[in-house]
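Read the structure below first, then the notes.
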Amino acid sequence: MAASSSLLPFPAPSATFPRARHAAGRGRAGATGRFMACSSPPPDVVVTRERGKNAKLIAALQIHNIQTLELPLIRHVEGPDTDRLSDVLRDEKFDWITITSPEAAAVFLEGWKNRNYASCTSFILSCGLCGGAMGKVLASELPRTTETTCKVLYPASAKAGNEIQNGLSDRGFEVTRLNTYTTVPVQDVDPLILKPALSAPVVAVASPSALRAWLNLVSQVDNWGNAIACIGETTASAAKEFGLKSIYYPTTPGIDGWVESILEALKAHGQSKETLTIDTISAVYR
Numbered sequence: 007m008a009a010s011s012s013l014l015p016f017p018a019p020s021a022t023f024p025r026a027r028h029a030a031g032r033g034r035a036g037a038t039g040r041f042m043a044c045s046s047p048p049p050d051v052v053v054t055r056e057r058g059k060n061a062k063l064i065a066a067l068q069i070h071n072i073q074t075l076e077l078p079l080i081r082h083v084e085g086p087d088t089d090r091l092s093d094v095l096r097d098e099k100f101d102w103i104t105i106t107s108p109e110a111a112a113v114f115l116e117g118w119k120n121r122n123y124a125s126c127t128s129f130i131l132s133c134g135l136c137g138g139a140m141g142k143v144l145a146s147e148l149p150r151t152t153e154t155t156c157k158v159l160y161p162a163s164a165k166a167g168n169e170i171q172n173g174l175s176d177r178g179f180e181v182t183r184l185n186t187y188t189t190v191p192v193q194d195v196d197p198l199i200l201k202p203a204l205s206a207p208v209v210a211v212a213s214p215s216a217l218r219a220w221l222n223l224v225s226q227v228d229n230w231g232n233a234i235a236c237i238g239e240t241t242a243s244a245a246k247e248f249g250l251k252s253i254y255y256p257t258t259p260g261i262d263g264w265v266e267s268i269l270e271a272l273k274a275h276g277q278s279k280e281t282l283t284i285d286t287i288s289a290v291y292r
């Protein structure tokens, strides 16, 4: 399999990174969004979700005496259809609203609050962390509530795939997709944070976007080959496409399975701190 750096369809980062101000104690985000360096033991795992969404994973790993380093790799921004959401909720009725990620739920609730009056909706479906194969299952099993046209509102990331909307459309649903948010990579990373992150045996990623941002950072590092622990199959598939070889993921997306995948990755890389019994890992690509 080709090296991952040869497969990346994005430019390499600059060889130098802007230096953030030093701060005593724990690291924190400055006003510019830079990530401050901090003094701590060498990390076992780099956690990469957007700032404010790593706490549960960090707490779960601390139970196993695992040292983490928080390095947010992406941030959410408004999508092209953000402003349309409130008007659509006000003016149209839907039989189902499919919400497939926490961020989609947060943006949807904001749009719901901003509508002038309620003219919808019959049902709301929360699919949790849904993508790839799970999206296809949702599209195949969503029940019809009427014998005529069944209307679905699908607020989603602009980078989400088309499995849900295509699958529902093929079954005769009328789907309105709104790209209400998107993700962009964090650009300004303190080199004093990046250096220990590169040496950590495991990097935990929750989306292809975060994975892509990480590979941008390591694209000029020769022979980086540590483990990637993915939250689910969609991200793991992207990691395989990028040419990575040590990929761990659970059969069901979520914190519990993700932690088990991280533990298995640490064990495989000689970093296990306890005897582990792992029965939910669906695959390890080597």
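Position one of the sequence shown corresponds to residue 7 (the numbering used here), numbered consecutively onward.
Heads up, the beta-carbon is just placed ideally off N, CA and C, and yes, glycines get one too.
The residues C236, I253 and Y255, in chain order, have a CB closer than 6 Å to that of A242 in the same chain once the five nearest residues on each side in sequence are set aside. DSSP lists E180 as the beta-bridge partner residues of K157. A direct Cα-Cα distance of roughly 11 Å separates V208 from W230.
A check of alpha carbon separations from L91 across P78, L144 and P161 identifies P161 as the nearest. Note: L269 is not bridge-paired with any residue in the DSSP secondary-structure output. Taking 8 Å as the cut-off, the beta carbon of H82 is found closer than this to the beta carbon of E109. The C-alpha of D89 lies about 41 Å from the C-alpha of K251. If you draw a 10 Å sphere on the C-beta of S267, you find 16 or more other C-beta atoms in it, and that means buried.
Sequence-distant Cβ neighbours of T188 in its own chain, meaning closer than 7 Å and more than five residues away, are V83, G85, S163, A164 and K165. Listed in chain order, the beta strand (DSSP E) runs fully inside the stretch 216-268 are 233-236 and 253-256, counting runs of at least 3 residues. As DSSP reads the structure, A162 sits in a beta bridge with N185.
As the crow flies, the alpha-carbon of T152 is around 11 Å from that of W102. Secondary-structure assignment with DSSP links V209 through a beta bridge to V52 and I234. When DSSP states are grouped into helix, strand and coil, I80 belongs to the strand group.
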